[in-house]
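Residue numbers (our numbering): 96 to 567. First up is the structure itself, then whatever we jot down about it.
Here it is as structure tokens:
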């Protein structure tokens, strides 16, 4: 029997679907799961029919692979990854390749690349996006790590990735933790995108008084225009879905959102680098606030809610909301690419931002029509400092601004919280202002802490301190 071309460890939903995807594309696959029963069930139900083989242990898995061995880990991020690596390492040889396809923290990936490299084993941190469907039929794949592994794994990863216009949604990101960092920022943008959509729906339902069916129609209509994207598309499907009693299922779901940490990591990294990804951070905090359900219920009893008696033109308001959602989404992506740019400079990764936009066009959760515009922006100017300085963004935001501003005003007036949408507008207003009130903050810091300041009418390399109390 021919040896397998790739081994896969971890048979949860993503692992199973990736194994089937690999087999569909003609690769010889051997799989292993810590719980042997799960391996046997998978093979009996779907794996054997696809030509996939099973291994009873990691030794069997390694022995079943052709050299250099290629092993894809689909296990829970954190200690589980280190545990599997620890068991595998004595079984591997220099030149073998271990690929971590989970949502690992990029700092862990940096450490693992260095540690395995000492033994000659090549480690790749590989962000994979697309959920269950993407894993089965073609995800977006963001590999990074030991670059010498790329020629060996490229034919496999690009073959199973999603394709858009014949181009695989898989490119090499860079050394070290670059692949997992790009995936982390992808997830941060995803947090922002989902929160913006939820806010738009909240304003439709409780601000404008639309029925769930009417909101489903609105999102379906928006998905045929500039807002076309995976998340807007599935939102329309979700809102149109009825429970067994014929009522919209979404209304019966607890309003407390979960999270697995990648959005939080994005915010922490942004704070460490001084990059204002305010929309993404607000989206993370919105999930934290949603988890405070008992307190929110107490507060509602204490304060009541504003009287939402919207008497305006709902058709016009929906058109404004479409523009507002579009503008805020553009800011979300712009903030994400701001962070990628700063991280690339700090870690010397040399990220290709146009390629990242191409990778995100298909298979992944944040795929959307305007990723083509982002790719075009970096083609026009590879050194572009910020997407908000590109002509496409300038024209789109100029057109959307009055509608966006009006929707934020509506939310404030009606008491509908729009934390992500309003923070996006505040960021936009701050970004486009050549002068902000930080001069007063600098004066305050100098007053109480003698931190000094620079003057706009003097050499910027000079620092000044004033004895402010002398005028008291």
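For glycine and all other residues, C-beta sits at the position ideal for the given N, C-alpha and C. Being a predicted model, the structure only gives us computed values, none of them experimental.
Checklist entry - In terms of residue numbering, what span does the alpha helix (DSSP H) encompassing residue 405 cover? => result Neither: residue 405 is in no alpha helix (DSSP H) and is coded neither H nor E.
Checklist entry - Do you know whose CA, among 540, 551, 544, 189, lies nearest residue 529's CA? => result 551
Item to check | Own chain residues within Cβ distance below 6 Å of residue 328, not counting five before or after | outcome: 318
Checklist entry - With respect to the beta strand (DSSP E) encompassing residue 168, which residues constitute its N-terminal and C-terminal limits? => result 165-168
Checklist entry - Exposed or buried, residue 336, counting other C-beta atoms within 10 Å across all chains shown (16 or more means buried)? => result exposed
Next on the checklist: Using the three-state DSSP reduction, which class does residue 152 fall into: helix, strand or coil?
Outcome noted: coil
Item to check | Supposed contact pair residue 208 and residue 241 - C-beta distance, whole angstroms, cut 8 Å | outcome: 6 Å
Next on the checklist: With three or more beta-carbon pairs closer than 8 Å as the criterion, would you say the region 388-400 touches the region 223-235?
Outcome noted: no
Checklist entry - Rounded to a whole number of angstroms, what is the C-alpha to C-alpha distance between residue 497 and residue 527? => result 15 Å
Checklist entry - For the beta strand (DSSP E) that contains residue 221, what are its first and last residues? => result 217-224
Next on the checklist: Could you compute how far the alpha carbon of residue 297 sits from the alpha carbon of residue 313?
Outcome noted: 13 Å
Item to check | Close Cβ partners of residue 531 (< 7 Å) along its chain, the five nearest in sequence each way excluded | outcome: 525
Checklist entry - How about residue 448 and residue 428: are their beta carbons less than 8 Å apart? => result no
Item to check | Extent of the continuous alpha helix (DSSP H) to which residue 505 belongs | outcome: 486-509
Item to check | Reduced DSSP category for residue 341 - H, G, I as helix; E, B as strand; rest coil | outcome: coil
Next on the checklist: My parser needs the alpha helix (DSSP H) runs of 4 or more residues fully inside the region 113-149; what are they?
Outcome noted: 131-137
Next on the checklist: Going by DSSP, what residue range makes up the alpha helix (DSSP H) through residue 483?
Outcome noted: Premise fails: residue 483 is in no alpha helix (DSSP H) and is neither H nor E.
Checklist entry - According to DSSP, which residues form a beta bridge with residue 238? => result 221
Checklist entry - Which partner residues does residue 194 have in the DSSP bridge list? => result 167, 219
Checklist entry - Near residue 111, which residues of its chain fall below 6 Å by C-beta distance, leaving aside the five closest residues on each side in sequence? => result 137
Checklist entry - When the distance is taken between beta carbons, is residue 290 closer than 8 Å to residue 515? => result yes
Item to check | Given 8 Å, three or more beta-carbon pairs between the region 220-229 and the region 271-285 | outcome: yes
Next on the checklist: So, does the region 98-108 touch the region 163-182, judging by three or more C-beta pairs under 8 Å?
Outcome noted: yes
Next on the checklist: Using only CA atoms, which one of 134, 154, 229, 114 lies nearest to residue 454?
Outcome noted: 229
Item to check | Same chain only: Cβ atoms within 7 Å of residue 385, ignoring 5 sequence neighbours per side | outcome: 350, 351, 352
Item to check | Residue span of the alpha helix (DSSP H) that contains residue 372, given as start and end | outcome: Neither: residue 372 is in no alpha helix (DSSP H) and is coded neither H nor E.
Next on the checklist: If contact is defined by three or more beta carbon pairs under 8 Å, each pair taking one atom from either stretch, is the region 492-511 in contact with the region 404-419?
Outcome noted: yes
Checklist entry - When DSSP labels each residue in this structure, what does residue 315 get in the three-state scheme? => result helix
Next on the checklist: Please list the terminal residues of the continuous alpha helix (DSSP H) segment that includes residue 329.
Outcome noted: 325-335
Checklist entry - Using the beta-carbon count (16 or more within 10 Å), is residue 340 buried or exposed? => result exposed
Item to check | Cα-Cα separation, residue 476 to residue 191 | outcome: 39 Å
Next on the checklist: Taking the alpha helix (DSSP H) that residue 180 belongs to, which residues open and close that run?
Outcome noted: 174-183
Checklist entry - Where do the ends of the beta strand (DSSP E) carrying residue 449 lie? => result Taken as a continuous stretch (DSSP letters only), residue 449 belongs to no beta strand (DSSP E), being part of the alpha helix (DSSP H) at 448-454.
Item to check | Which listed residue (542, 553, 308) has its alpha carbon closest to that of residue 565 | outcome: 542
Item to check | Length of the line joining the Cα atoms of residue 189 and residue 523 | outcome: 51 Å
Next on the checklist: Report the CB separation of residue 482 from residue 469 in whole angstroms; it is logged as a contact under 8 Å.
Outcome noted: 6 Å
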